[in-house]
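Chains as they are written, first to last, in the numbering used here: chain C, 203 to 529; chain W, 203 to 529.
There are 2 protein chains.
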Amino acid sequence: MLKMTNDLKALIGLINNRLTEHSYGEQPNELYEPIRYIMSLGGKRLRPVLVLLAYKLFKDDHETILDQALAVEVFHNFTLMHDDIMDDAPLRRGKQTVHEKWDSSTAILSGDVMLVRAYDLLLDAPGDLRVIIKAFNECAAGVCEGQQFDMNFETMSSVTEEDYINMIRLKTAVLLGFSLQFGAMLAGASEASTKALYKFGVDIGIGFQLKDDLLDVYADQEKFGKQVGGDIISNKKTFLLLKALELANKEQKTQLTQWIDKKEFDSAEKVEAVTAIYDQIGIKELTLGKMNEYFNKGFESLDKIEVAEERKTGLKSFAQYLIERDK
Amino acid sequence: MLKMTNDLKALIGLINNRLTEHSYGEQPNELYEPIRYIMSLGGKRLRPVLVLLAYKLFKDDHETILDQALAVEVFHNFTLMHDDIMDDAPLRRGKQTVHEKWDSSTAILSGDVMLVRAYDLLLDAPGDLRVIIKAFNECAAGVCEGQQFDMNFETMSSVTEEDYINMIRLKTAVLLGFSLQFGAMLAGASEASTKALYKFGVDIGIGFQLKDDLLDVYADQEKFGKQVGGDIISNKKTFLLLKALELANKEQKTQLTQWIDKKEFDSAEKVEAVTAIYDQIGIKELTLGKMNEYFNKGFESLDKIEVAEERKTGLKSFAQYLIERDK
């Protein structure tokens, strides 16, 4: 696997340092402690890194926009805190979720105040605050829409490829797009560059989520952090499953539907059987193809940005790192 | 009871018309339908009316700031949607709450997007957007803090008067204060006037909540919409209860504590007994006194605002209407 460069590690270090110093509020402690908790669980800090990398395409004083980079990380963790309640998830990054450690009311209310604090972090942004918050709002509403579409899919008998791509675009990709767009806005980049960076982020984000779906089935268990086949066991409507349902012949469709409907089953047996059907249909190649289509589209947008090629190295190598991850 | 003036009714009509026209978003319908639902349940539209009345102290073209007035109503209804989940409330304005009509996940997520839409409505405000959003954020975080303090009080054995007033200041009063402050900001009023209006709103708001506590016990059942004594039945830590616990002699305190601890009781009997203890201690007069203290402080702030007295008529008569309500 591709290693993270020292430059990237330095940016993550900057963000983590600033996060440690940042105060979300003090009293009542019951409201603010869960925020400090979820923000301390770590993670790759992918989104604020994207803000900084986009800014660094154009300007070198990225230390001046650290608070704005934090805004997207605080927003992202707000969505995680609320999504975990809706998904009834017990764990987040291997630790208890907020609604498990405290309760749902605490997770709702702490999440709400996190969203307010994300807006607070936007306020000292250089540039036109109205334009920035308008873009942020569009992204934030989109993320909520994506989560709702994802919940709707759970009870739908069939989901089209188009609907699925639209869902992951909203739920995952628009925030990556906004992070890059925001970095460009903060640097005072041209509208063309800002738009191209947004497109780059959205396309890479869709590819990124397709890779997630793919790894869940085809990852090397020794390198993968979670159980391979988790999505198969829970009948999650991933790109792989919906394409398999679309392309299966009559016999394959019957088998697939039987596995989906089974209430009692051996997990390993189900994962093996469903994976075998995916293999027959060629789902792996098909998903890889779709994923690369989005990654390639993304890089085309990046090529169009008119800055010296050497300035793009950081962003390119980070995108490459995301693409080649195997867990 | 004091009647609402025709001028006030006209302002409420303006707000309701604009609310009907306003679009929060379309797809997915599951996300936006609950917003249209809760916004259609009505209510006095108190907060946007305060925005307009404060603006009208200084300027006459209040039709130009209707969207900004809606922002505080959308924000207020967002807090109701989430509070109803936390309080497990079945009804809101006599209709099913959102989490009852749909489910908790829907109420969480629709609420989240409502908060984003409230920020959207602020964006075209005349004046310094940074200052406006900073004040809005401070208010929004305060409302969350107030709700958390209120939840904390449920499991605390004693709550001081100071802590209680601070809780209702945050949970209820700061949003009334912000609504007035915001109207003044939108009109480009002086900082002194803006601050005085904020103080007026906060003090009136605290008095308003004390009146709520009082009416719950001492309202005329025929005029009161809800069951008189509801707070007594549920042991809600109101100003009346905490002052009674503070001022009761040994025997009264024993009686009060017995009623609070009883798991099985006749509701009418409990209401009568606890009200009798309140009467012995003089809780009604004490609460009335505290309430009038805040109302008077509020009107002192209003007096200090340097605009022609006749411009203050609308705001004064609305405050008077709120003070003299008997339901």
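In this text, a Cβ means the ideal position worked out from N, Cα and C, and glycines have one as well.
Small disclaimer: the values here were computed from a predicted structure and weren't measured.
Contacts that residue i makes with chain A (C-beta to C-beta distance below 8 Å)
i               : result
K336 of chain W : Of the protein chains in this structure, namely C and W, none is chain A.
As assigned by DSSP and simplified to three states, the class of residue i
i               : result
M203 of chain W : In this prediction, M203 of chain W scores a pLDDT of 47, lower than 50, which makes its location untrustworthy; the coordinate-derived value is nonetheless stated afterwards. M203 of chain W: coil per DSSP, three-state reduction.
L293 of chain C : strand
Q298 of chain W : strand
K428 of chain W : coil
N451 of chain C : coil
Y366 of chain W : helix
W461 of chain W : helix
Y226 of chain W : coil
T440 of chain C : coil
T357 of chain C : coil
V318 of chain C : helix
I310 of chain W : helix
F467 of chain C : coil
I507 of chain C : coil
A478 of chain W : helix
D326 of chain W : coil
K514 of chain C : helix
R220 of chain W : helix
K261 of chain C : coil
K397 of chain W : helix
A342 of chain W : helix
A421 of chain C : coil
L243 of chain C : coil
R238 of chain W : helix
A337 of chain C : helix
S532 of chain W : Residue coverage of chain W in this structure runs from 203 to 529, which leaves residue 532 of chain W outside it and unanswerable.
Whole-Å CB distance - residue i paired with residue j, under 8 Å assumed
i               : j               : result
M493 of chain C : L416 of chain C : 7 Å
I240 of chain W : M206 of chain W : Incorrect: roughly 23 Å between the Cβ atoms, too far for contact.
I507 of chain C : L399 of chain C : 7 Å
L268 of chain W : I335 of chain C : About 20 Å; that fails the 8 Å criterion.
Y480 of chain C : A446 of chain C : 6 Å
A271 of chain C : L293 of chain C : Not confirmed; about 27 Å, so no contact.
A450 of chain C : L458 of chain C : 6 Å
V300 of chain C : D286 of chain C : 7 Å
L382 of chain W : F402 of chain W : 6 Å
D209 of chain C : G516 of chain C : 6 Å
L331 of chain C : R332 of chain W : 6 Å
E232 of chain C : Q350 of chain W : 6 Å
Same chain, Cβ closer than 8 Å to residue i, five either side skipped, listed in chain order
i               : result
F467 of chain W : W461
R295 of chain W : L243, G244 and G245
Y234 of chain W : Y226, G227, E228, S312 and V315
T396 of chain C : Q383, A386 and M387
L444 of chain C : S360, V361, T362, E363 and Y366
Buried versus exposed, by CB contacts within 10 Å (16 or more), residue i
i               : result
T489 of chain W : buried
P236 of chain W : buried
E347 of chain C : buried
V404 of chain W : buried
T374 of chain C : buried
G427 of chain C : exposed
M353 of chain C : buried
S392 of chain C : exposed
M358 of chain C : exposed
N219 of chain C : exposed
S469 of chain W : exposed
D422 of chain C : exposed
M203 of chain W : Its pLDDT being 47, under 50, M203 of chain W is placed unreliably by the model, and the measurement read from it follows with that caveat. Exposed, since its Cβ has fewer than 16 Cβ neighbours within 10 Å.
S360 of chain W : exposed
T308 of chain C : buried
K413 of chain C : buried
Neighbourhood of residue i by C-beta distance below 6 Å, restricted to the same chain and skipping five residues each side
i               : result
T440 of chain W : D415 and D433
F380 of chain C : C341
V430 of chain C : A421 and Q423
T222 of chain C : none
N437 of chain C : I462
S503 of chain C : A398, K401 and F402
Same chain only: Cβ atoms within 7 Å of residue i, ignoring 5 sequence neighbours per side
i               : result
A510 of chain C : none
I214 of chain C : R247 and V251
Y257 of chain C : H264, I267, G385, L388 and A389
T281 of chain W : V345
Q482 of chain W : Q454
* Asked: Is the number of C-beta pairs between the stretch 218-236 of chain W and the stretch 310-320 of chain W that are closer than 8 Å three or more?
  -> yes
Notebook entry, point to check: For the stretch 238-250 of chain W against the stretch 263-279 of chain W, are there 3 or more C-beta pairs whose distance is under 8 Å?
Noted result: yes
Q) Would you call the stretch 400-418 of chain W and the stretch 483-498 of chain W touching, i.e. three or more CB-CB distances under 8 Å? A) yes
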